[in-house]
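Undergrad: Quick mapping for you: the protein sequence lines, in order, are chains A and B. Using our numbering, the letters of the first sequence correspond one by one to residues 2 to 323. Using our numbering, the letters of the second sequence correspond one by one to residues 3 to 340. Even glycine gets a Cβ: it sits at the ideal position worked out from N, Cα and C.
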Amino acid sequence: MSNPTPPVGTGLPDTQTLVTEPTQAPERGGKKAKDGKPASLWTDAWYDLRRRPMFIISVIIIFVLLVMSFWPSLFTSIDPFNARSCDLSTARQGPSPGHLFGRDNLGCDLYSRTIYGARNSIIIGVFTTIVTTLVGSLLGIVAGYRGGAVDAVSSRFTEIFFAIPAILGALLIAATFRGKANSILLVIVALGVLGWPMTYRIMRAAVITAKSQDFVVAARALGAGAGRIMFRHLLPNSLAPVIVVATINLGGFIAAEAALSFLGVGVLSPDISWGLMIADARNRFLEAPLPLVFPAAFLCVTVLAFIMMGDAVRDALDPKLR
Amino acid sequence: MASTSERILEVRDLVKHFPLTQGIVVKRQIGAIKAVDGVSFDLHKGETLGIVGESGCGKSTLAKVLMALERPTSGSVKINGRDIAHAKGGELKRMRRNIQMVMQDPYTSLNPRMTVGDIIGEPYEIHTEVAPKGDRRTKVQELLEVVGLNPDHINRYPHQFSGGQRQRIGIARGLALQPEIIVCDEPVSALDVSIQAQVINLLERLQNEFDLAYIFIAHDLSVVRHISDRVGVMYLGKFVELGKDTEIYDRPAHPYTQALLSAVPVPDPDGREQRERIILQGDPPSPANPPSGCRFRTRCWKAQEICAEEEPLLQIRPGTAHESACHFAETHDVVHVG
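1) Give the range of the beta strand (DSSP E) segment to which G141/A is assigned.
2) Could you compute how far the alpha carbon of L235/A sits from the alpha carbon of G228/A?
3) Using a Cβ cut-off of 7 Å, pull out every chain B residue sitting near H234/A, in sequence order please.
4) Run through DSSP, which three-state label would A34/B get?
5) Can you list the residues of chain A that E131/B reaches, using a CB-CB cut of under 8 Å?
6) Is D45/A close to chain B, meaning its C-beta is less than 9 Å from at least one C-beta of that chain?
7) How is E147/B classed by DSSP in three states: helix, strand or coil?
8) Whose CA, out of Q198/B, G150/B, G55/B and K95/B, lies closest to the CA of I229/B?
9) Excluding five sequence neighbours on each side, which residues of the same chain lie with their C-beta closer than 8 Å to the C-beta of M103/B?
10) How many angstroms separate the CA atom of K47/B from the CA atom of G83/B?
11) Locate the beta strand (DSSP E) running through L187/A, then write down its first and last residues.
12) Just the chain A side, please: which residues come within less than 7 Å of K95/B by C-beta, in chain order?
13) Is there a Cβ of chain B sitting closer than 9 Å to that of Q214/A, yes or no?
14) Quick check: what's the CA-CA separation for V148/B versus L214/B?
15) Can you list, in chain order, the residues of its chain whose CB lies under 8 Å from that of R139/B, leaving out five sequence neighbours each side?
16) With 16 as the cutoff for other CB atoms within 10 Å, does K135/B come out buried or exposed?
17) Using the three-state DSSP reduction, which class does A225/A fall into: helix, strand or coil?
18) Looking only at C-alpha atoms, which of E12/B, S76/B, K304/B and G55/B sits nearest to G40/B?
19) Under 9 Å, Cβ to Cβ, is there at least one residue of chain B near R221/A?
20) Provide the residue span of the alpha helix (DSSP H) that contains C309/B, from first to last.
21) Run down chain A in chain order and give the residues with a C-beta less than 9 Å from the C-beta of Q102/B.
22) Can you determine whether any heavy atom of the ligand ZN sits closer than 8 Å to the C-beta of E206/B, and answer yes or no?
23) Less than 7 Å between C-beta atoms, sequence neighbours within five positions excluded: which residues of the same chain meet that for C87/A?
24) Quick one: grab the DSSP three-state call for V151/A.
25) Y216/B CB to nearest chain A CB: under 9 Å?
26) Pick out whichever of I308/A, A219/A and D105/A has its Cα sitting closest to the Cα of Q94/A.
27) Thinking C-alpha only, which one of T117/B, L11/B, H88/B and I86/B is nearest K321/A?
28) Count the other CB atoms, across all protein chains shown, that sit within 10 Å of the CB of F299/A; report buried if there are 16 or more and exposed otherwise.
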């Protein structure tokens with residue numbers, strides 16, 4: 002408190018930076034100068050992310066949703082798979098004590114069904130997104146970097162998948178292999194097979210733009226191999242649009258799963274998913290909106306959380322936005 | 003001084019043609035852009051060879067071929083007797099340690115998503131034998147200091163630096179592997195004039211400190227004159243004149259060089275009025291279809307029939323002390339007239 006500021010030194014923060022240890026330097030990018038640990042894009046991004054409220058909120062929401070999908074019994078004592086928990090005479094009843102969200106068309110407790118529905122919806126959404134993003138980015142980065150014949154062949158191959166209408170194609174795949182594999186896995190594969198071309202196109206376009214920049218030539222002049230150029234130089238500079246599309250697609254995949262369920266493939270009753278619940282509630286929406294509103298609201302929050310997280314990650318990976 | 007020391011780079015009959023193709027499915031070659039068409043020169047240890055010429059004359063393609071970023075159509079680029087133009091794999095990678103590059107645009111030549119430490123340290127990650135892992139950070143900080151940057155800024159990103167500072171980062175990256183040759187492809191063209199001088203002086207200081215040889219490509223004649231020991235003038239993929247900087251600037255023998263020099267701005271209003279200006283007619287011909295014989299003949303005021311029939315070779319001609327490629331070469335001081 003009473004410590005007087007030294008007359009010289011603190012008045013000139015810039016010269017201070019030049020003289021003092023790197024630990025005291027007011028570095029904007031890397032606080033990692035401590036203990037001599039070098040900063041890199043990923044450590045700096047992580048450091049930055051931990052300070053973004055948007056990221057923290059979205060991670061908390063996603064964490065809660067994941068807990069919900071793995072241990073739904075933590076959130077509700079009612080087992081929606083037990084037929085006795087449903088009572089047709091109470092169908093479409095509004096919220097009441099013990100049945101927070103009310104009851105659906107078959108008189109089952111809506112709250113517990115929404116909680117139990119999280120697992121299938123989130124697994125399908127997250128894994129389909131992961132599969133499409135990995136496959137699409139990997140192919141896109143190779144095609145964009147190599148160009149020429151590799152690009153031509155893989156682009157034509159991708160266009161075959163692009164030309165198939167998504168829902169019809171997924172319906173075909175799901176119907177063909179129905180009963181031969183786990184229905185959730187089948188939905189992931191069906192949506193994944195038809196979902197990756199979009200990511201491929203975006204990644205390829207971003208890589209082609211990044212490739213023409215001089216820093217790629219500089220890396221080649223240093224003797225960098227294809228792997229280093231693709232993953233150290235091109236990938237970080239092409240990731241932003243892919244992250245945006247991936248997080249938006251996540252919601253799309255959960256909705257597409259609903260469409261498949263509606264068509265009679267994919268997740269089927271008595272299994273529960275948000276998509277299935279939304280599809281079931283559609284017919285009676287005007288009489289009883291709540292059976293549609295609650296799963297739809299959960300779906301919205303899930304998608305929003307992933308989009309928020311994607312946005313935060315994208316911003317953190319751009320040093321200019323920090 | 004240069005001619006006595008050892009020869010480290012030997013370029014012979016270097017040719018780089020880019021094919022022009024037609025057709026979508028079956029590509030058929032209908033011609034070629036003759037970007038570099040028979041260039042030969044030597045570079046000695048610690049020497050600077052300036053290469054000047056207008057846009058599109060093949061300067062940058064020459065730099066790319068020297069760096070083995072493009073394979074030449076024919077000819078050889080020998081560094082200490084070994085041909086880099088035809089080296090492959092591990093041998094090429096080893097040879098790259100000896101020839102490095104400083105690029106033109108400091109805004110695109112540094113990866114915006116890497117820290118300065120990662121950018122300058124990348125050469126060590128690729129050539130792991132140069133520096134053991136624990137030493138790399140210290141080495142990077144030393145390099146930052148050598149090029150006049152604050153070593154504490156190792157964790158900053160390129161966008162936090164100015165253009166001149168970024169160019170210094172690019173130079174530090176080029177120095178990291180301790181090469182003998184640095185190819186500077188218009189290293190100061192993108193910078194302010196005041197910053198240009200700083201970067202040029204830095205390059206000269208580093209040359210003395212590390213005994214570097216530079217290939218200095220530029221279109222700014224005064225910058226080239228300042229830094230070069232020898233100068234080569236390029237026109238349409240060929241050297242038209244090659245010699246000591248004083249020879250080229252004071253006693254140019256080729257009409258193209260004379261025209262180029264007459265266009266250099268003179269910062270003296272008195273001499274400007276009487277000075278001779280050679281104004282060339284027309285544009286340079288297309289490198290896909292260069293004129294027969296002498297390539298400059300279509301714009302040359304001395305052109306005769308022989309110029310269309312016989313290609314003038316780059317050689318020392320009567321009355322001149324350096325090599326030039328003109329049948330009617332005669333020295334003519336353009337700059338100091340009047």
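TA: On the basis of the data shown:
1) Unbroken run through G141/A is the alpha helix (DSSP H), L111 to R147; no beta strand (DSSP E).
2) 10 Å
3) N113
4) strand
5) Ordered by position in chain A, no residue passes the 8 Å Cβ test against E131/B, which lies about 12 Å from the chain.
6) yes
7) helix
8) Q198/B
9) A65, M69, G176, I184, V185, C186 and D187
10) 13 Å
11) Counting along the chain, L187/A falls outside any beta strand (DSSP E), though it belongs to the alpha helix (DSSP H) covering S184 to K212.
12) G224
13) yes
14) 14 Å
15) G119, G123 and I156
16) exposed
17) coil
18) S76/B
19) yes
20) E307 to E311
21) A222 and L223
22) Ligands are entirely absent from the displayed structure, and the ligand ZN is therefore not among its contents.
23) L107, G108 and C109
24) helix
25) no
26) D105/A
27) T117/B
28) buried
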